[in-house]
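Residue numbers (UniProt numbering), protein chains in the order written: chain Y, 1 to 325; chain V, 1 to 305; chain R, 1 to 460.
No residue lacks a Cβ here, since even glycine has one placed at the ideal position from N, Cα and C.
Being a predicted model, the structure only gives us computed values, none of them experimental.
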Amino acid sequence: MTATTRSAPGEESPDGPRTATAAPPRRRSRARSRALVPWGFVGPFLALFTLCFVLPILYAVYQSFIQIRRYGLFGEEGRETVFAGLDNYTRALGQETFVDSIGRVLLFGAVQVPVMLGLALVLALLLESASARWPGFFRALYFMPYGVPGVVASLLWGFLYVPGLSPILDVAGLVGLEPDLLGPSGVLWSIANIITWMFIGYNMLILVAQLKTIPGELYESARIDGAGPLQTAWNIQLPLIRPALVLTTIFSIIGTLQLFAEPQILAAFTVNIDSAYTPNMAAYNSAFTDNDYNVAAAQSVVVALTAFVLSFGFLWLVNRKDRRR
Amino acid sequence: MTTTDVKKDDRAPARRRRGGGGTATGASARSRILVTAILAVAAVYFLVPVYWVFVAATKTTSDLFDSFGFGLGEEFVLFANVSEVLTYNGGVFWRWTLNSLLYSVLGALLATLLAAAAGYALAKYDFRGRELVFGLVLGGVLVPAAATALPLYLLFSQIGLANTYWAVLLPGLISPFGLYLCRIYADASVPDSVIESARLEGAGEGRIFFTLGLRMMAPALVTVFLFQMVGIWNNYFLPLVMLADEELYPITLGLVTWQSYQGRDIEMYTRVVTGSMLSVIPLVIAIIVLQRYWRGGMTAGAVKG
Amino acid sequence: MKVPLPPPGGMSRRDLVRAGLTASALGSAAALGGCAATVGPAEDRPLVPPKGPDENITLTYWTWWPGLQAVADIWNAEHPDIQVRAVTIPGGLDGGYAKMFNSLIAGNQPDLAQVEFFQIPSFLLENGLEDLGRYGVTEYADRYDEWQWLQASYVGGHYGVPVDSGPMTYFYRADKYEEWGVDGAPATWEEYAEAARRVAAAGDGAFIESFPVGDADWLAAMCMQAGARWFGTEGGEWSVNLVDDASVRVAEFWEGLVREGVLDLTRAVWSTGWFQGLQQGTIGTWTVGSWGDAIIRGNDPDNPGRWKAAGMPQWGGGERREGTWGGSASAVLTGAPHPHEAMLFANWLSTDQRAVDAMITECGIGWAASEELNTNSVRNQGPDPYFSDQNYTSTIAEATGYIPTDWEWGPTLSSTKDHIGDAFRSAVAEGTSFVDALALAQKRTVDDIRNKGLSVRSAS
């Protein structure tokens, strides 16, 4: 590197012993520029992060504490922006539909996340077991839905849920089953199916990756101790891939709270998905349909806080168990 | 949060079948059949919607409604349907495909580079504010998209970026998870001694990163790239908020627009179905081919209790 | 923003600090926040002068009709100096209005936008529309049916140029009605109920109609026809009354039919299964704005001669009443650069016979802006083979004489619609009273309007 490029971020000059021999004043400035090096690396990321995350979030928080007052029928006689305290939050939480939507995704998560991760775990263990034929083929196939956009997956499954159109329902009808997949109580689980379908393979892959890091000696000694496949899974594999399970759980919790595209698309197939079906849809609706940015901002903050509490709550729970052990 | 030993994971092809190998010898024919049968049943589940869309794309609109969904219709019009999708409305579907590619491939490339540089710095330099930066960025993972989409739109409008390529591209350049992964991975796989000796040989910090750091982090970078590419390709919410001009749409948004015209034009059904099929092809191929590289550094991302 | 802002009253710096904002964030947030407060009253804004004679301009028109560019091209050929570019956006509440509101805040608004009549007050609430009266639109008022023209008039201003409307029309499968032994379109709701029972009893899984669960547009049209008036602006404040006698009558009637099980509840109107049902004749009717004709035709273009159109069944008691569903206007968004030229184009679009004809064929519009335009349109060139050789333009024309002109829409209608939708969905699912559902929607609507900082009362 030549001196001319020194000012460029991340292009700081050579150093080491040769720097140490430099004159003291020079060394001082060298040390200062040295301290700037990491910022040169972090800078571009941080700048964009600030633009795309930090500023919008601060703005949303600000919006959640103000309101607009109007005079006349439409505000034609004047309007003003006032500080609203927690009023937007009271309003958001006072909306039955919004509270319902939070309850709905919590119920969704409580059922769907364990089911999905359970299935991913089973598939991962089976694929990594000696009994599996063509594991590479199956692994690729299970992972495939991850590449299907949520929008498209919802369109496809949507067609498979409509009575009279769905070949699955046609077949179910032959054996006398008539599930109402788009009915008031069924549709939530139809969405759960779409999410499960898309993400089983993804989670499975994370688990498989961690399974592969388990040293073979452990399996050896388990076998010598006379452990069967189930005991091996329970006593060796599960404890050792716990970090991956924790990671996938947290991602799934966050993903659940942010549900948007799938119910939004499926709403074209049924009346049982309203515009505030999930918290994200409710916030989108408040902001973009009802034009109430302030309540929308409050709703978004509530969703973000819920995500924080649940993720860290989960981590805390896991850690506590650890400590007790 | 700590890391597992990632280096061992990603080298050593000899160990590739290790997990299986360990328990392998005891597998009986019966368990072999049972396990493979279960795997096959699961495979059917994953294939059903994809199979359906490929069949449906061969049908006329009336066959789509009237014939059995898993069987062919009276007429086989796949090629007519495909050419209709590709030429409808001045071939806008091509445009959407190119847009999607631009957003996802270019976005993911730059995102990977940014995340790699930042993650490398967080792992390899001890500086004040390091943990603050890290914590801040990780918190970003938890913020729902709806919370930032509108303010981001307002912000971008102020600086004239709304309804431009930048509006979708720029937010895609930030991958908090990628940064996390890169930091963990760099921690484990770029030894301080290597950096030190490079410095002794007179290499600049930037050069060390670009020649040594990036190479040693490569497995994690592939993962970050793929992760981000799929994420952008599948994104719907951000373009929905940001873009008004059909010319800028990615495929997802374009297909939803078509879907919303279904009521007015029955032929839209076949266009949506065929378009969905076409949109599935490129990424599914990419996924199947690339999944073997995916796990590079994936376990590094594990959160240890 | 191009207009003076009202003072940001009430918000002190201390409040902000208490809200947890740092000083640096304050600067950027306040800059954006000032912008979000949009604009001052329309009358305070200076008039934008017409363009100069040698100036060439391009107007942008946001619409959800993909075919509108073809219509605008007729104008473009004759007006090289005022070119119009149509941009297709999602339908109104499916995201179109969101884009418009966003563009108002961001200051990149189009010159013209397609706005449904019910949405006009919501735009006024945000100061989003130009008063076209200030640009001389009233000069052309006599080209429009009065009942359509008035739908864009509020507090002495005129905020849009009507493009089309949707007089309620009873579309039915004449072939199926014959099979079911139903003697044509019912003249009264009493007869409709009888017919519904008969179809459901036929045992082939068919229904006379899908009940539009939670569809507030449909319900509003039904109540309008029964003589309801949901919103009022007397005395300078809003009044809301979703449970007047007429609305209660409508709610009770449909609740009865739903409980009897003689309406389809699984194939929701607009859903894929419903479109299929219309094709196959397992759903026999659609009571909808006159624009439903294009949708019915588009859904099943290859089978003419199955459908017929009739006026809505009546409530009896002598006096004939009709309702409307939907319809939209060309509106000029506040701050758009060329309001004068935009108004000229909008007027041409709505009243030039070639434009109207092109909109019928390219966009499938409903009832054009005046009876004369409809009578002379391509749609009215003798018997229509698709609708069983019927000449249904005259059927609709007759009905338009009985549409009330005093109906007004509330200022928070998108959420009112959500409230109605939510309340009716759960009433249907849980078997509770439809009238209670209306009352609940009313209560929530009153809250919404109050929350917008406006004065409002319940009128019941």
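- Two segments are said to touch when three or more pairs of C-beta atoms, one from each, lie closer than 8 Å; by this definition the region 185–205 of chain Y does not touch the region 298–305 of chain R.
- Under the DSSP assignment, M224/R falls in the alpha helix (DSSP H) whose first and last residues are A216 to A226.
- Taking all protein chains in view, the Cβ of Q258/Y is crowded by 16 or more other Cβ atoms within 10 Å, so the residue is classified as buried.
- Counting C-beta pairs closer than 8 Å gives fewer than three between the region 306–319 of chain R and the region 95–111 of chain R, which falls short of the contact rule.
- Taken in chain order, the members of the region 104–126 of chain R whose beta-carbon sits within less than 8 Å of a beta-carbon on chain Y are P121, S122, L124, L125 and E126.
- Among the CB atoms of chain Y, none fall inside 8 Å of the CB of D406/R.
- When C-alpha distances from P411/R are compared across F117/R, E55/R and T63/R, the shortest belongs to F117/R.
- Here S239/R is buried: its Cβ has 16 or more other Cβ atoms, across all protein chains shown, within 10 Å.
- Taking a Cβ-Cβ cut-off of 8 Å, the neighbours of R70/Y in chain R comprise L125, K452, G453 and L454, given in sequence order.
- Runs of the alpha helix (DSSP H) spanning 4 or more residues and lying entirely within the region 356–431 of chain R occur at 371–375, 392–400 and 413–430, in chain order.
- In the DSSP secondary-structure assignment, Q299/Y is not bridged to any residue.
- Residues of chain V whose Cβ lies closer than 8 Å to the Cβ of Y146/Y are, in chain order, V230 and I287.
- In summary, the residues of the region 411–428 of chain R whose CB is separated from some CB of chain Y by less than 8 Å are P411, T412, S414, S415, D418, G421, D422 and R425, in the order they occur in the chain.
- Residue-level contact by beta carbon fails for V295/Y and chain V, as no gap is shorter than 8 Å.
- In the three-state reduction of the DSSP assignment, T81/Y falls in the strand class.
- Within the region 187–211 of chain V, those residues whose Cβ lies closer than 8 Å to any Cβ of chain Y are, in chain order, E196, R199, L200, G202, A203, G204, E205, G206, R207 and F209.
- At a cut-off of 8 Å between beta-carbon atoms, D175/R makes no contact with chain V.
- In this structure F275/R is buried. Its beta-carbon is surrounded by 16 or more other beta-carbon atoms within 10 angstroms.
- Contact annotation: I253/Y and G109/Y have beta-carbon atoms nearer than 8 Å.
- For F253/R, the enclosing alpha helix (DSSP H) has its first and last residue at D245 to E260.
- In this chain, the alpha helix (DSSP H) harbouring M242/V covers F237 to M242.
- Residue pairing by DSSP puts R85/R in a beta bridge opposite T60/R.
- At a Cβ-Cβ threshold of 8 Å, A70/R and A358/R count as neighbours.
- The contact set of L86/V on chain Y, defined by CB atoms closer than 9 Å, is empty, because the minimum CB distance reaches about 17 Å.
- Bounds of the alpha helix (DSSP H) holding L438/R are F434 to N451.
- The beta-carbon of G173/Y is placed no less than 8 Å from the nearest beta-carbon of chain V.
- For I208/R, the secondary structure class from DSSP, reduced to helix, strand or coil, is strand.
- Contact between A226/R and R198/R is absent: CB atoms are separated by about 24 Å, not below the 8 Å threshold.
- In this chain, the beta strand (DSSP E) harbouring L112/R covers L112 to E116.
- For secondary structure counted as the beta strand (DSSP E) over 3 or more consecutive residues, the region 299–351 of chain R holds these complete runs in sequence order: 307–310 and 324–332.
- The residue among F424/R, D436/R, S415/R and E430/R with its C-alpha nearest the C-alpha of V446/R is S415/R.
- Neighbours of T88/R across chain V, judged by C-beta separation under 7 Å: E246.
- In terms of Cβ geometry, T63/R and A86/R form a close pair [threshold 8 Å].
- Fully enclosed alpha helix (DSSP H) runs of no fewer than 4 residues occupy 216–224 of the region 196–224 of chain Y, in order along the chain.
- In terms of CA proximity to G327/R, G292/R leads the group G292/R, L333/R and G335/R.
- Annotation for G273/R: T266 and R267 place their beta carbon closer than 8 Å to its own, counting only its chain and skipping 5 residues before and after.
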